[in-house]
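Chemist:
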Amino acid sequence: MRESEMPTKPKTKPRAGKKILEAINEGLEEISASFGWESASASSVSEAVEKSKNEPAAVERIAGADVMDAEEFDADQDFDDLYEETGSRDGWIDKEEVEIAVDAFISTLLFAGIIRKSKSGKLPSFEDIFERFFDEEDEIVELARSFEHNIQGYFDWISPEDMEAARDCFLEIRDLLLKRLGGANDAN
Amino acid sequence: MPIESLTALAIKRLGATKVGKKCLEESTEIVVFGSRSVGLERADSDIDILCIGGFNLKLKTAHLDLNAIQTKETRESHWLNSELASHIAEYGSWIKGTPDWIVRVHIGEEAIEAKRRRVAAFMRALPDKWSGLYEGFREKYSIKLRRETQRLLFLERGEPIPPTKILDSYWKAVSSSSCDVHNCLRRFSNSHRTSFEQDLFTRIDLAMQAQDSANSQLVQGATASVGSALYWRQSTGLTGSLRSAISAATSERMSFSAMAGK
């Protein structure tokens with residue numbers, strides 16, 4: 580049998596050791612802390628989403644989904660004031676802020692040499708990080724995939740429900756990672 | 041791309057997925073929009089399709105970006121005043137059905153406000169994270185912010201947003217001022233002259249300079265034709281539809297190709 584015809588050994592993934600798990604966990608904690616996801620129970624975020632649904636003008640600013648009464652909106656209003664008012668509204672987080680926080684987390688892992696760009700120069704995604712260290716069928720990879728799907732939205736718009744689903748996936752990933760980190764500590 | 045070829049491509053891409061087939065069979069209207077609709081696509085571009093019928097779904101693959109909405113939605117102001125509806129009404133190519141809703145499309149204040157909010161969110165969150173972002177991500181956000189600001193400027197002028205290729209390659213041909221992107225971004229900036237802002241504006245300037253350089257080197261083909269048509273429209277002060285200028289230019293490219301073929 581020629582060498583080229585020999586069955587190739589499947590590439591083994593690098594084991595997600597304690598140091599890697601710690602680095603990923605640290606990054607996830609930073610993200611969740613910056614959005615208050617760490618302390619927020621599922622119900623408190625649900626309440627915030629529910630509350631925002633009951634505020635027509637607020638929902639409009641969040642989602643761009645319904646029609647705002649033109650008379651209620653002063654187009655010349657100073658934007659800084661507008662965003663200061665709405666930016667920190669109860670529990671609401673803009674999709675863009677999450678996207679930037681996730682990319683900052685990936686950047687930290689890139690700078691630390693824990694992950695690398697692809698050979699074609701493509702930067703890794705959130706999902707790629709977990710695919711790199713865990714099996715394709717691993718629950719944590721599925722959750723990372725769901726997180727990316729939910730946070731992606733469509734035409735730059737994301738519904739409050741999708742944002743809540745993304746947050747839930749994120750917190751589940753963190754919980755799973757913490758459990759595995761506990762397991763890694765026990766093993767050492 | 042002639043409408044027959046565009047239709048064939050849309051049918052092929054939709055037919056490759058289960059939900060796409062369902063859309064083909066059940067939709068009353070199928071519209072191709074984005075770069076392929078106006079002949080400004082790259083070879084590896086996906087195809088953007090809107091299907092109007094009895095159900096809602098979204099599907100994104102490497103070759104297809106599909107959005108299906110219900111017919112009743114096309115009568116709602118939420119849709120009629122949206123950024124997407126105005127883009128499709130101006131740049132869409134209908135491969136099935138006849139639209140009756142496009143005459144009622146009007147860019148609403150809520151669409152403009154949604155875009156302002158998006159630009160503001162980037163400008164609020166990026167300064168603190170900028171120094172910690174990997175170079176590739178800084179480049180990504182500088183492109184994203186430039187494009188979103190350009191789109192905001194279009195929406196504020198009451199004009200539908202054009203395909204991204206126009207934003208990336210012919211901004212000076214469709215813009216009223218060379219520094220309008222900077223000025224617009226400054227409206228959302230809390231702290232002027234930060235290193236983030238300086239770096240962002242430098243990157244945007246470099247992108248604009250690269251447009252000039254690329255345009256000056258082009259002598260023929262679709263890209264040059266589009267550029268010529270847009271610059272002609274700008275320099276003559278004509279306010280005709282941007283789509284008309286692009287269509288005329290890409291038709292010119294087709295005639296040129298047909299002649300070259302002979």
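Protein chains in written order, with my numbering: chain H, 580 to 767; chain P, 41 to 302. The beta-carbon is built from N, C-alpha and C at its ideal position, and this holds for glycine as well. These numbers were taken from a predicted model, which means no experiment stands behind them.
How about Ser77(P) and Gly132(P): are their beta carbons less than 7 Å apart?
Modeler: Cβ distance < 7 Å, so Ser77(P) and Gly132(P) count as in contact.
Chemist: With 7 Å as the threshold, decide whether the Cβ of Leu688(H) is near any Cβ in chain P.
Modeler: No, its Cβ sits nowhere closer than 7 Å to a Cβ of chain P.
Chemist: In whole angstroms, what is the alpha-carbon distance linking Ala723(H) and Lys674(H)?
Modeler: So the alpha carbons of these two residues sit roughly 16 Å apart.
Chemist: I need the straight-line Cα distance from Leu46(P) to Ala602(H), nearest angstrom please.
Modeler: Cα-Cα distance, rounded: 48 Å.
Chemist: Using 8 Å for Cβ pairs, my map puts Ser234(P) next to Pro139(P). What's the rounded Cβ distance?
Modeler: A small correction: the amino acid at residue 234(P) is Thr; Ser does not occupy that position in the sequence shown. With 8 Å as the limit, Thr234(P) and Pro139(P) do not qualify as a contact, their Cβ atoms being about 46 Å apart.
Chemist: Keeping to the same chain, check which residues put their C-beta closer than 8 Å to that of Leu757(H); ignore five residues upstream and five downstream.
Modeler: Closer than 8 Å at the Cβ level, and outside the excluded window around Leu757(H), lie Asn604.
Chemist: How many Å lie between Arg53(P) and Ala612(H) at the Cα?
Modeler: Straight-line Cα distance between these residues: approximately 43 Å.
Chemist: Can you tell me whether Ser284(P) is buried or exposed? The criterion is at least 16 other CB atoms within 10 Å of its CB, across all chains shown.
Modeler: Counting Cβ neighbours within 10 Å, Ser284(P) comes out exposed, since fewer than 16 surround it.
Chemist: Determine, for Leu607(H), whether the minimum Cβ-Cβ distance to residues of chain P falls below 7 Å.
Modeler: No, because no Cβ of chain P sits closer than 7 Å to the Cβ of Leu607(H).
Chemist: Ignore the nearest five residues each way along the sequence and tell me which others in Gln110(P)'s own chain have a CB closer than 8 Å to its CB.
Modeler: Contacts found: Ile92, Gly93, Gly94, Phe95 and Asn96.
Chemist: Note down, in chain order, every chain H residue with its Cβ under 8 Å from the Cβ of Ala165(P).
Modeler: In chain order: Asp673, Glu675, Glu676, Ile679 and Ala680.
Chemist: Are the Cβ atoms of Ala151(P) and Ser122(P) separated by less than 7 Å?
Modeler: Against a cut-off of 7 Å, the Cβ pair of Ser122(P) and Ala151(P) comes out as a contact.
Chemist: Report yes if the C-beta of Asp105(P) is less than 6 Å from at least one heavy atom of the ligand ADP; otherwise report no.
Modeler: In the structure shown, the ligand ADP is absent, as is every other ligand, since no ligand is present at all.
Chemist: Return helix, strand or coil for Cys91(P), following the three-state DSSP convention.
Modeler: The answer is strand: DSSP assigns Cys91(P) an E or B state.
Chemist: Mapping the DSSP letters down to three states, classify Ile603(H) as helix, strand or coil.
Modeler: Looking at Ile603(H) - three-state DSSP - the assignment turns out to be helix.
Chemist: Counting only beta-carbon separations shorter than 7 Å, does Ala683(H) have a partner in chain P?
Modeler: Closer than 7 Å to some Cβ of chain P, the Cβ of Ala683(H) qualifies, so yes.
Chemist: Given this structure, state the Cα-to-Cα distance separating Ile679(H) from Ile672(H), to the nearest angstrom.
Modeler: Looking at the two C-alpha atoms, the distance is approximately 12 Å.
Chemist: Going by CA-CA distance only, name the one from Asp747(H), Ser738(H) and Phe712(H) that's closest to Ser725(H).
Modeler: Checking every option, the nearest Cα to that of Ser725(H) belongs to Asp747(H).
Chemist: Rounded to whole angstroms, what is the Cα-Cα separation between Asn729(H) and Glu706(H)?
Modeler: Between Asn729(H) and Glu706(H), the C-alpha separation is close to 12 Å.
Chemist: Between which residues of its own chain and Phe652(H) is the CB-CB distance below 7 Å, once the five residues before and five after are set aside?
Modeler: Here the model assigns Phe652(H) a pLDDT of 28, short of 50, so the residue's position is not dependable and the matter cannot be decided.
Chemist: Check whether the Cβ atoms of Lys205(P) and Leu80(P) sit closer than 7 Å, and answer yes or no.
Modeler: Yes, the Cβ-Cβ distance between Lys205(P) and Leu80(P) is below 7 Å.
Chemist: Assuming the contact rule is C-beta atoms closer than 8 Å, Val214(P) and Arg186(P) should be a hit. Round their C-beta distance to whole Å, please.
Modeler: Actually they do not touch by this definition, with Cβ atoms about 14 Å apart.
Chemist: Mind listing the chain P neighbours of Leu702(H)? Cutoff is C-beta to C-beta under 8 Å, in chain order.
Modeler: Neighbours of Leu702(H) on chain P, chain order: Tyr174, Gly176, Phe177 and Lys180.
Chemist: What residues in the stretch 728 to 747 of chain H have a beta carbon less than 9 Å from any beta carbon of chain P?
Modeler: Correct list: Gln731, Tyr733, Phe734, Asp735 and Trp736.
Chemist: For Ala250(P), count the other beta carbons within 10 Å of its own beta carbon; 16 or more makes it buried, fewer makes it exposed. Which is it?
Modeler: Ala250(P) is exposed by the Cβ-count criterion.
Chemist: Below 7 Å on C-beta distance, what does Arg158(P) contact in chain H?
Modeler: The contacting residues are Glu675 and Asp735.
Chemist: Could you confirm whether any beta carbon from chain H is found closer than 7 Å to the beta carbon of Gly162(P)?
Modeler: It should be noted that the sequence gives Phe, not Gly, for residue 162(P). Answer yes: the Cβ-Cβ gap between Phe162(P) and chain H drops below 7 Å somewhere.
Chemist: Tell me where the beta strand (DSSP E) around Leu80(P) begins and ends.
Modeler: No beta strand (DSSP E) holds Leu80(P); DSSP gives it neither H nor E.
Chemist: Give the interface partners of Asn107(P) over in chain H, defined as CB-CB distance under 7 Å, in chain order.
Modeler: By Cβ distance, chain H contributes Tyr733.
Chemist: Please confirm whether Lys112(P) has its beta-carbon closer than 7 Å to some beta-carbon of chain H.
Modeler: No, Lys112(P) lies away from the interface with chain H (no Cβ there is under 7 Å from its Cβ).
Chemist: List the residues of chain H whose Cβ lies closer than 9 Å to the Cβ of Lys98(P), in chain order.
Modeler: The answer, in chain order, is Tyr733.
Chemist: DSSP three-state label for Lys136(P), please.
Modeler: Three-state DSSP puts Lys136(P) in a strand.
Chemist: I'd like to check one pair, Leu755(H) with Ile719(H): are the Cβ atoms closer than 7 Å?
Modeler: Yes, the Cβ-Cβ distance between Ile719(H) and Leu755(H) is below 7 Å.
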